[in-house]
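Numbering (our numbering), first residue to last: 183 to 837. Let me begin by presenting the structure, written as structure tokens, before commenting on it.
What follows is the structure, given as structure tokens:
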């Protein structure tokens with residue numbers, strides 16, 4: 183505990199270490215140990231600082247640590263210390279207590295206030311209030327078991343957990359920006375691939391396997407020149423032990439180790455300068471900046487976010503960047519819903535990238551399992567089966583494949599079903615070894631038919647189910663005409679959804695659509711296709727390099743994404759936020775292949791409301807112009823009055 187508190191950033195944000203007023207290690211009757219961290223403040227009103235959701239406010243609006251709150255408030259400081267243990271130890275459940283006191287001016291007694299919080303992986307390190315307490319007697323041996331039972335009964339609502347997850351994901355983005363800048367500025371000798379592999383190697387080495395493989399720590403790297411015992415050798419041995427316990431296939435394990443060892447065993451990175459190697463220095467940065475997020479078990483596309491920040495390190499051309507751009511997590515979730523993924527689905531992705539779509543599918547499958555399976559043993563078995571057997575990803579780019587493997591290792595044991603293989607040329611699903619029922623895809627747009635060739639191959643290997651793909655819009659208006667014709671001979675187009683032009687802002691500028699298919703049923707000319715204009719998805723995007731958050735929900739974005747999923751599945755009666763102009767049901771010619779991007783009929787009849795809207799815009803512009811010119815031009819006011827009268831007269835004539 184002491185070592186973790188020393189390693190973690192101090193309450194002021196520096197490297198001064200952390201010194202809680204009291205630290206305890208208590209044991210319950212089940213022999214489980216519970217760290218207890220207590221922080222005192224001698225002023226009334228300094229117990230805790232909470233945000234609008236009544237969570238401990240230890241981050242600012244820009245997702246950086248709120249060092250002022252952490253320093254000034256007892257509970258905030260205690261929760262900060264608890265996160266140090268989550269970050270640097272194997273403890274997953276910590277009790278954080280803040281205590282304040284002051285003398286009552288009337289009775290002259292000392293009034294004491296306590297804030298008791300439970301900080302754990304389960305609540306993502308943010309903390310939950312346990313209850314109201316007037317003293318510390320709940321820590322006595324005779325009371326402790328009852329207190330622990332109270333802790334175990336704490337539950338976050340799905341809404342609270344979702345909000346906390348979103349907050350933590352924003353913090354990940356901020357930390358990745360910091361890590362990127364640090365390594366780019368200070369570690370000039372590392373190649374693009376070296377940087378990516380060092381992050382992957384550091385995370386694997388520090389994950390550990392409880393009771394079997396101890397996580398690698400800074401102190402384990404001794405910066406030695408002894409043959410076979412360099413920092414690179416030590417890290418590689420730890421990775422081998424970790425992969426062995428993860429039961430990865432031997433050929434895959436050898437490939438991962440072979441890829442990483444070229445970087446980890448290089449002479450330059452193991453050269454000792456000022457008492458330490460570059461490898462140890464970079465390892466420390468990675469663990470310090472990112473450790474808390476993968477230690478608390480965020481079920482997020484972690485390495486997808488990592489890739490999104492580091493993609494420029496990999497030296498891709500602009501065409502390749504369009505091919506490997508990360509699918510935003512909210513779009514990945516939409517694709518999963520459109521493909522009707524549930525706990526029994528078998529999901530595959532033929533251009534898996536960092537495995538972000540598979541992570542989204544896995545999360546949805548596990549949630550569905552939790553909602554329908556009441557036996558803990560049965561749920562554990564089903565969850566393991568989902569991770570190991572019900573997800574399949576193919577990725578041809580070696581660098582990106584490494585990130586996908588890391589992603590799925592961090593999510594569980596699903597990495598055994600990721601293949602570093604060309605899905606078009608070499609992959610064969612012989613004898614339906616993988617009985618796919620759901621296909622999700624964001625293909626490389628430089629491929630034939632803007633990537634529709636991947637859709638054609640995947641659907642040809644499926645007998646039933648659904649597919650949802652996000653692809654360049656021109657694929658549905660002529661660029662993939664022949665491929666589309668072939669697809670519709672055995673599959674039905676259910677929906678065509680136009681996405682925002684700035685969806686991939688900063689990474690790619692292509693216009694995209696989502697196409698949704700029902701597999702195994704030929705498209706009939708009378709089949710209804712749901713065309714949705716989703717260019718207004720409720721998000722406002724920017725591309726400011728130094729901004730902490732370039733994505734803001736400004737118009738019910740989450741509700742809009744759910745509504746689109748409902749419209750595709752259930753039809754027009756689910757229209758709520760979207761307008762009738764943004765939803766259109768029509769038909770296509772299944773033999774055409776180039777009429778998938780339809781829009782609803784446009785009513786060109788002039789209406790008074792349209793006229794008034796135009797007039798109001800003109801008046802606003804005119805007033806702005808007159809006000810700007812007023813000091814320079816005489817008669818500006820008279821001109822304005824003349825225009826105003828003319829406009830009003832014209833308006834009444836129209837009425």
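Glycine included, each C-beta is placed from N, C-alpha and C at the ideal position.
7 Å CB neighbourhood of residue i in its chain, flanking five on each side removed
i           : result
residue 701 : 641, 644, 646, 647, 648, 649 and 673
residue 548 : 565 and 568
residue 307 : 265, 268, 301, 474 and 478
residue 319 : 325
residue 406 : 412
residue 737 : 720
residue 495 : Note that residue 495 scores 48 on pLDDT, short of 50, meaning its location in the model is unreliable; the coordinates nonetheless yield the value given after this. Within the same chain, residue 495 has close Cβ partners 374, 377 and 378.
residue 499 : The predicted model places residue 499 with a pLDDT of 39, which falls under 50 and marks its position as unreliable; any figure quoted below should be read in that light. Excluding residues within five positions, none has a Cβ falling inside 7 Å.
residue 248 : 239, 240, 241 and 242
residue 694 : 652, 653, 654, 655, 681 and 685
residue 715 : 680, 764 and 781
Within 9 Å, strictly: CB atoms of residue i and residue j
i           : j           : result
residue 364 : residue 428 : no
residue 327 : residue 210 : yes
residue 651 : residue 687 : no
residue 678 : residue 636 : no
residue 515 : residue 743 : yes
residue 378 : residue 581 : yes
residue 237 : residue 252 : no
residue 453 : residue 400 : no
residue 717 : residue 757 : no
residue 270 : residue 189 : yes
residue 698 : residue 521 : yes
residue 281 : residue 218 : no
residue 404 : residue 385 : no
residue 768 : residue 663 : no
residue 576 : residue 539 : no
residue 630 : residue 655 : no
residue 750 : residue 676 : yes
residue 382 : residue 584 : yes
residue 259 : residue 314 : no
residue 387 : residue 329 : no
residue 426 : residue 435 : yes
residue 531 : residue 574 : yes
residue 511 : residue 345 : no
residue 245 : residue 362 : no
residue 438 : residue 541 : no
8 Å CB neighbourhood of residue i in its chain, flanking five on each side removed
i           : result
residue 450 : 371 and 460
residue 357 : 471, 472 and 475
residue 284 : 224, 225, 226, 292 and 293
residue 814 : Note on residue 814: pLDDT 49, under 50, position unreliable in the model; the coordinate value appears next. Around residue 814: no qualifying Cβ.
Contacts around residue i, its chain only, beta-carbon distance under 6 Å, and the 5 residues preceding and following it disregarded
i           : result
residue 310 : 300 and 336
residue 543 : 518, 523 and 529
residue 191 : none
residue 770 : 711 and 777
residue 670 : 705 and 772
residue 572 : 528
residue 497 : For residue 497, the pLDDT reaches just 47, beneath the cut-off of 50, and the residue's location in the model is therefore unreliable, although a value from the coordinates is still provided. Closer than 6 Å at Cβ, skipping near neighbours: 374.
residue 185 : none
For residue i: DSSP bridge partner residues
i           : result
residue 699 : 649 and 675
residue 600 : 575
residue 768 : 711
residue 721 : 735
residue 550 : Answer is none; residue 550 lacks a bridge partner.
residue 454 : 459
residue 530 : 574 and 621
residue 763 : Per DSSP, none; premise fails for residue 763.
residue 796 : Bridge partners of residue 796: none, in fact.
residue 694 : 654
residue 680 : 695 and 715
Inter-stretch contact at 8 Å, needing at least 3 Cβ pairs: the region 383-399 / the region 419-427: Here the region 383-399 lies against the region 419-427, with 3 or more beta-carbon pairs under 8 Å apart.
Whole beta strand (DSSP E) runs in the region 608-661 with 3 or more residues, listed along the chain? Listed in chain order, the complete beta strand (DSSP E) runs (minimum 3 residues) inside the region 608-661 are 620-623 and 647-654.
What beta strand (DSSP E) runs, 3 residues minimum, are completely inside the region 269-325? Listed in chain order, they are 275-285, 292-302 and 310-313.
Please specify which runs of the beta strand (DSSP E), each continuous and at least 3 residues long, are wholly inside the region 352-407, giving them in chain order. Qualifying beta strand (DSSP E) stretches: none in this window.
In chain order, which beta strand (DSSP E) runs of at least 3 residues are fully inside the region 199-246? You should have 204-209 and 215-223.
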